[in-house]
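Trainee: The structure that follows is given in the form of structure tokens.
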Amino acid sequence: MAIREPGATHAISDTGPLISIFQSDSLDLVTTLLPVIHIPPVCLEELIRHGWGESLQSAGSQIESHSLTQAEKEMARTIARQIAFHPLSRDPVVDNHLGEAQALALATRPEFVNDVLLVDELAARVVAEQMGLTISGFAGVLLVAVQEGLLTANELKERLETCRQQGTHYSEAFIEQVYLAAKGDR
Amino acid sequence: MVEQKSIHEPGAQLLSAQDAIQDAERLQGLLLRNRQRAEREVQLRVPFTVIIEAVDQLEADELRLLAQRLEERLADKQR
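Chains A and B, in that order, give the protein sequences.
Be aware that the first sequence starts at 54, since it is given in our numbering, and climbs by one per residue.
Be aware that the second sequence starts at 1449, since it is given in our numbering, and climbs by one per residue.
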């Protein structure tokens, strides 16, 4: 397990934001702000299934995968049901939400109480907020990187465009509005 | 061999730009709180002679403030 530097904020991530991180080659940038990204077993499987196995291997200690206890697995199944049947969900198949549900369950561990959960999917975000978790999407992390002087607004836009070109469904309007916010024009 | 990449949950509804802006505000606050939490205070033992020497470097206003503080402390001690 990674040793936590004093004052460091770690991330627990669902599959989607981590794919965006890989697509836009942003792992070093994100881990400058959030030194370790923790993922549950189903997200690890999903990342490998989607073709990001090599990226995971080269990430080394920047990404740490965790196995869940039986109680956490059961909690995740309950959360997956909540997400699947949430009005904002477009997929009522419970098993299809196990990745984000396991990320939420992992984020409830006491050692992650002052950390952030990375999640982009709307229904999972609502359930996470109801559980009192601190959440952010990938774009939110990029905005903070701009605020901290690690990235320009143009570079933020390029990274979101790169994700979009590779299939992540960030709309043009979404990218433009986030870009304007990064420029301070919102 | 290059791995074939596929899309994750292509039908899922994602966050809005306003959500992303709120995320950034929330995350910035969390990072700040965690950094401040790490800055704990430590006690230093300073020799008395160093304090006396430091007085020599004070300006008039600072000396008056110090004198006032010393009078208050003396009054407390004499009670």
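C-beta: ideal position from N, C-alpha, C; glycine also.
Note that the coordinates shown come from a computational prediction; the quantities given were computed from them, not determined experimentally.
Quick check: I65(A) and F191(A), are their CB atoms within less than 7 Å of each other?
Mentor: As a position in the first sequence, residue 65(A) is number 12, starting the count at 1. As a position in the first sequence, residue 191(A) is number 138, starting the count at 1. No, the Cβ-Cβ distance between I65(A) and F191(A) is not below 7 Å.
Trainee: Answer yes or no: does any C-beta atom of chain B fall closer than 7 Å to that of R134(A)?
Mentor: Locating residue 134(A) in the first sequence gives position 81, where the first residue counts as 1. No, R134(A) lies away from the interface with chain B (no Cβ there is under 7 Å from its Cβ).
Trainee: Since Q1476(B) meets chain A, which of its residues come closer than 7 Å, beta carbon to beta carbon?
Mentor: As a working note, residue 1476(B) is residue 28 in the second sequence. Residues of chain A passing the Cβ test: V197 and Q200.
Trainee: Would C37(A) and S79(A) qualify as a contact pair, given that the criterion is a beta-carbon distance under 7 Å?
Mentor: The structure shown does not extend to residue 37(A), since chain A spans only 54 to 239, so no value can be given for it.
Trainee: If you draw a straight line from the alpha carbon of L1514(B) to that of E125(A), how long is it in whole angstroms?
Mentor: Within the second sequence, numbered from 1, the residue matching residue 1514(B) stands at position 66. Within the first sequence, numbered from 1, the residue matching residue 125(A) stands at position 72. Each residue's alpha carbon lies about 60 Å from the other.
Trainee: Which same chain residues, not among the five before or five after Q1466(B), have their C-beta less than 7 Å away from its C-beta?
Mentor: Your numbering for residue 1466(B) matches position 18 in the second sequence. For Q1466(B), where only same-chain residues beyond five positions count, there are no Cβ hits under 7 Å.
Trainee: Does chain B have any CB closer than 7 Å to the CB of T161(A)?
Mentor: Counting from one through the first sequence, the residue named residue 161(A) turns up at place 108. With 7 Å as the cut-off, T161(A) does not count as an interface residue toward chain B.
Trainee: Just to confirm, are D144(A) and P70(A) a CB contact at a threshold of 7 Å?
Mentor: By one-based count along the first sequence, residue 144(A) stands at place 91. By one-based count along the first sequence, residue 70(A) stands at place 17. No.
Trainee: Is the region 152 to 169 of chain A touching the region 94 to 109 of chain A, taking contact as three or more C-beta pairs under 8 Å?
Mentor: Touching, per the Cβ criterion.
Trainee: State the start and end residues of the unbroken beta strand (DSSP E) segment that holds I92(A).
Mentor: Here residue 92(A) refers to the residue found at position 39 of the first sequence. Its beta strand (DSSP E) spans residues I90 to I92.
Trainee: Around the Cβ of L159(A), are there at least 16 other Cβ atoms within 10 angstroms (buried) or fewer (exposed)?
Mentor: Residue mapping note: residue 159(A) aligns to position 106 of the first sequence, counting from 1. So L159(A) counts as buried.
Trainee: Could you tell me which residues DSSP pairs with S66(A) in its beta bridges?
Mentor: Working through the first sequence from its first residue, we reach residue 66(A) at position 13. Note: S66(A) sits in a beta bridge opposite L171(A).
Trainee: Which of helix, strand or coil does DSSP assign to I101(A)?
Mentor: Taking the first sequence and counting its residues from 1, the one referred to as residue 101(A) is at position 48. Helix at I101(A).
Trainee: Along chain A, which residues have their Cβ under 7 Å away from the Cβ of K1525(B)?
Mentor: Walking along the second sequence from the start, residue 1525(B) turns up at place 77. Correct list: empty, because the minimum Cβ distance to chain A is about 39 Å.
Trainee: Does DSSP put S73(A) in a helix, in a strand, or in coil?
Mentor: In the first sequence, counting from the first residue as 1, residue 73(A) sits at position 20. Helix at S73(A).
Trainee: Considering only the alpha carbon of each residue, which of Y223(A), T68(A) and V197(A) lies closest to A234(A)?
Mentor: As a working note, residue 234(A) is residue 181 in the first sequence. Nearest of Y223(A), T68(A) and V197(A) to A234(A), Cα basis: V197(A).
Trainee: Quick one: Cα of L213(A) to Cα of L1492(B), how far?
Mentor: Position 160 of the first sequence, counted from the first residue, corresponds to residue 213(A). Position 44 of the second sequence, counted from the first residue, corresponds to residue 1492(B). If you take the alpha carbons of L213(A) and L1492(B), they lie about 49 Å apart.
Trainee: Does DSSP put I1500(B) in a helix, a strand or coil?
Mentor: In the second sequence, counting from the first residue as 1, residue 1500(B) sits at position 52. It is helical.
Trainee: Hey, could you find the ends of the beta strand (DSSP E) V116(A) is sitting in?
Mentor: Residue mapping note: residue 116(A) aligns to position 63 of the first sequence, counting from 1. Looking at the sequence provided, one finds Ile at residue 116(A) rather than Val. Taken as a continuous stretch (DSSP letters only), the beta strand (DSSP E) holding I116(A) covers I116 to S118.
Trainee: Count the other CB atoms, across all protein chains shown, that sit within 10 Å of the CB of F138(A); report buried if there are 16 or more and exposed otherwise.
Mentor: Reading the first sequence from its first residue, position 85 is the one you call residue 138(A). By the neighbour-count rule (16 or more Cβ atoms within 10 Å), F138(A) is not buried but exposed.
Trainee: For the region 221 to 228 of chain A and the region 1496 to 1513 of chain B, state whether three or more C-beta atom pairs, one from each stretch, are separated by less than 8 Å.
Mentor: The region 221 to 228 of chain A vs the region 1496 to 1513 of chain B: no contact.
Trainee: Between which two residues does the alpha helix (DSSP H) harbouring K236(A) extend?
Mentor: Here residue 236(A) refers to the residue found at position 183 when the first sequence is read from its first residue. Where K236(A) is concerned, the enclosing alpha helix (DSSP H) stretches over E225 to K236.
Trainee: Which of the three DSSP states is assigned to L121(A) in this structure?
Mentor: Residue mapping note: residue 121(A) aligns to position 68 of the first sequence, counting from 1. Looking at L121(A) - three-state DSSP - the assignment turns out to be coil, as it is neither helix nor strand.
Trainee: Helix, strand or coil for D1455(B) per DSSP?
Mentor: For the purposes of this step, residue 1455(B) is taken as residue 7 along the second sequence, with counting starting at 1. Checking the sequence shown, residue 1455(B) turns out to be Ile, not Asp. In the structure shown, I1455(B) sits in coil (DSSP, three-state: anything other than H, G, I, E or B).
Trainee: Taking buried to mean at least 16 other C-beta atoms within 10 Å of its own C-beta, is G193(A) buried or exposed?
Mentor: As a working note, residue 193(A) is residue 140 in the first sequence. Looking at its Cβ environment, which holds 16 or more other Cβ atoms inside 10 Å, G193(A) is buried.
Trainee: For L1462(B), which residues does DSSP report across the bridge?
Mentor: Position 14 of the second sequence, counted from the start, is the residue given in the question as residue 1462(B). L1462(B) is bridged to E174(A).
Trainee: Just to confirm my understanding: we take V169(A), look at its own chain, exclude 5 residues before and 5 after, and list those with CB closer than 6 Å. What are they?
Mentor: Locating residue 169(A) in the first sequence gives position 116, where the first residue counts as 1. Closer than 6 Å at the Cβ level, and outside the excluded window around V169(A), lie A64, T187 and S189.
Trainee: Using a 10 Å radius around the Cβ and a threshold of 16 neighbouring Cβ atoms, would you call I56(A) buried or exposed?
Mentor: For the purposes of this step, residue 56(A) is taken as residue 3 along the first sequence, with counting starting at 1. Burial call: exposed.
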